[in-house]
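Before any comments, here is the structure.
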Amino acid sequence: MSELKILFEDEHIIAVDKPSGLLVHPSFIAPRSTPHLTGLLKAYLGHSAYTIHRLDRPTSGVILFGKNADVARALNEQFTGRKVKKTYLCVTRGYTDEEGFIDYALKEKLDKIADKYASVDKPAQDAQTAYRRLATVELPIAVGKYPQSRYSLVEVKPHTGRKHQIRRHMKHVAHPLVGDTKHGDLRHNKAFKDHYGVERLLLMATQLEFDHPVSGERTTVTAPVDDFIDQLFRGFGWDGLYPLAEKDSGEQ
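The opening position of the sequence shown corresponds to residue 1 in the working numbering, with each subsequent residue numbered one higher.
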């Protein structure tokens, strides 16, 4: 986790591929020595980067930072104005509908330490998520009373950015994410750990599309799945349905 995987960089912005398990910022619940992405970026850039948005610790994928305050402000306005298109890939329990749109308000999730004095009586915030099923698989794994288990590979496009939105929304439609220890099904999490060595949340931020804050050009940044996830998905017959890292042209 000590090496940055840079997906895009110019003099104004930098986008990196955050691995699952890496904090974006220092956390009250982690030791002070725990690595975090903003610290790695500061070491790389020689100065602090400006946060535009966040990814949960267990989520991997593309995350964008500004190199100066004006750029960060412009990008923040795009996120607030819902002009940024976000695409995620996830694995859910069960066969989802071919496509769907979840419009379900979510109560703000407060941190016990950081939000100690925040009001707990805030009304639920509007939250919308669109999704489409890319593929399914039935595995010879007994979970509960069923001798086999079904899963879906799902592309998700959140229209809002509430905390744990995708995880909570997919649980709301009875298709929790595999590897989700807070909102998922622990029996299926254990099955994936025991049979496939999966010890992470199967949620990946695969693409961000936004207007470049200086040039104005529409810019798309894509994060490939890692080799472990690629191997897992290939075993399910899902190859070709997700972004991969470009191979060195010199490889045979």
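Just so you know, even glycine gets a beta-carbon here, dropped at the ideal spot from N, CA and C.
Per DSSP, what are the beta-bridge partners of residue i in this structure?
i, result
"Q125", "L106"
"I13", "G66"
"M204", "S60, L89"
"V198", "According to DSSP, V198 bridges with nothing at all."
"T38", "Answer is none; T38 lacks a bridge partner."
"D211", "R218"
"I6", "V16"
May I have the straight-line CA-CA distance separating residue i from residue j, to the nearest angstrom?
i, j, result
"G94", "H175", "6 Å"
"V62", "D17", "5 Å"
"T34", "K42", "15 Å"
"E199", "G21", "10 Å"
"A118", "S152", "The predicted model places A118 with a pLDDT of 46, which falls under 50 and marks its position as unreliable, so this point remains unresolved."
"D10", "E217", "13 Å"
"K116", "F28", "For K116, the predicted structure reports a pLDDT of 45, less than 50, and the residue's modelled location is therefore unreliable. The matter cannot be settled from this model."
"D194", "S149", "14 Å"
"G235", "A72", "41 Å"
"H159", "G46", "34 Å"
"L139", "F210", "38 Å"
"D180", "F101", "21 Å"
"F233", "Y88", "15 Å"
"R184", "A49", "One detail in the question is off: residue 184 reads as Gly in this sequence, not Arg. Rounded to whole angstroms, G184 to A49 spans 33 Å at the Cα level."
"L40", "L186", "32 Å"
Measure how close the beta-carbons of residue i and residue j come, nearest whole angstrom, since I'm counting them as under 8 Å.
i, j, result
"M204", "T92", "That pair is no contact at about 13 Å."
"A130", "K157", "5 Å"
"E155", "L177", "Actually they do not touch by this definition, with Cβ atoms about 13 Å apart."
"I13", "F65", "7 Å"
Please confirm whether residue i has its beta-carbon closer than 8 Å to some beta-carbon of chain C.
i, result
"R187", "Of the chains in the structure shown, none is chain C; there is only one protein chain."
Is there contact here, the segment 99–106 with the segment 71–80, by at least three beta-carbon pairs under 8 Å?
-> no
Kindly confirm or deny that the segment 188–203 and the segment 140–147 touch, where touching means at least three C-beta pairs closer than 8 Å.
-> yes
How about the segment 234–244 and the segment 218–225: do they share at least three Cβ pairs that are nearer than 8 Å?
-> Yes, the segment 234–244 is in contact with the segment 218–225.
Report yes or no: do the segment 46–66 and the segment 201–217 share at least 3 C-beta pairs separated by less than 8 Å?
-> A contact between stretches requires three or more CB pairs, one per stretch, nearer than 8 Å, and the segment 46–66 meets this requirement with the segment 201–217.
Residue ranges of each alpha helix (DSSP H) within the segment 133–195, 4 or longer | 165–172
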